[in-house]
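Beneath this line is the structure, given in structure tokens, with notes to follow.
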Amino acid sequence: HQEILPNLKNDLQKYYDFAVRYQELFGPGANMNDSLVANLPDGIWQVTRQSLGRVTLSLVNLIGVEDRNWDKDHSEPLTQVNVSARVAIGQPVRHVWWASPDGQDLRLQAVAWQVDNNIIEVTIPELDYWGILVFDTGE
Numbered sequence: 025h026q027e028i029l030p031n032l033k034n035d036l037q038k039y040y041d042f043a044v045r046y047q048e049l050f051g052p053g054a055n056m057n058d059s060l061v062a063n064l065p066d067g068i069w070q071v072t073r074q075s076l077g078r079v080t081l082s083l084v085n086l087i088g089v090e091d092r093n094w095d096k097d098h099s100e101p102l103t104q105v106n107v108s109a110r111v112a113i114g115q116p117v118r119h120v121w122w123a124s125p126d127g128q129d130l131r132l133q134a135v136a137w138q139v140d141n142n143i144i145e146v147t148i149p150e151l152d153y154w155g156i157l158v159f160d161t162g163e
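Quick note on the working numbering: the sequence shown kicks off at 25 and runs consecutively.
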């Protein structure tokens, strides 16, 4: 075995902290919601879960990744800035937040959003690898 490099150790710690902090939003206690599909740029994958009056979209950035086989070396994704997302939640939304383990601050950050013809439009400030959009439905 080799010692983990300091940068990798820090990144892994942030990801573990993030997963523990928000496990009720996307962990095993949250229900999958395959019927909700967001309109996102090609190359950003989504997994949608619902729990505790919230709908959570986990977004994974694969833009610029040529080989998506995880058992092989691959390039890093291209960081995306001001990503537009359009989501049909199907119920009223009270708040929208964004969080990512890739930044310095793991806390949920309020993001500006608007409703257009029952579609929630939100701009994600920055997506490196992974982040979550959280929609508070209050139900």
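Glycine is no exception: its CB is placed at the ideal position from the N, C-alpha and C atoms.
As DSSP reads the structure, residue 82 sits in a beta bridge with 71, 156. Listed in chain order, the alpha helix (DSSP H) elements of length 4 or more contained wholly in the segment 75–131 amount to none.
Per DSSP, the beta bridge partners of residue 150 are 105.
Residue pairing by DSSP puts residue 144 in a beta bridge opposite 111, 139. Under DSSP, residue 63 shares a beta bridge with 110. Inter-segment contact for the segment 103–122 and the segment 140–159 is present: three or more beta-carbon pairs are separated by less than 8 Å. Around the beta carbon of residue 72, a 10 Å sphere encloses 16 or more other beta carbons of the protein chains shown; the residue is thus reported as buried. Here the alpha carbon of residue 134 sits roughly 25 Å from the alpha carbon of residue 66. Under the DSSP assignment, residue 37 falls in the alpha helix (DSSP H) whose first and last residues are 30–45. Counting C-beta atoms within 10 angstroms of its own C-beta, residue 63 has fewer than 16 neighbours from the protein chains shown and is therefore classed as exposed. Around the beta carbon of residue 53, a 10 Å sphere encloses fewer than 16 other beta carbons of the protein chains shown; the residue is thus reported as exposed. Taking 8 Å as the cut-off, the Cβ atoms of residue 156 and residue 82 count as close. The Cβ atoms of residue 136 and residue 130 do not sit closer than 8 Å to each other.
Put simply, the backbone Cα of residue 89 is about 24 Å away from that of residue 80.
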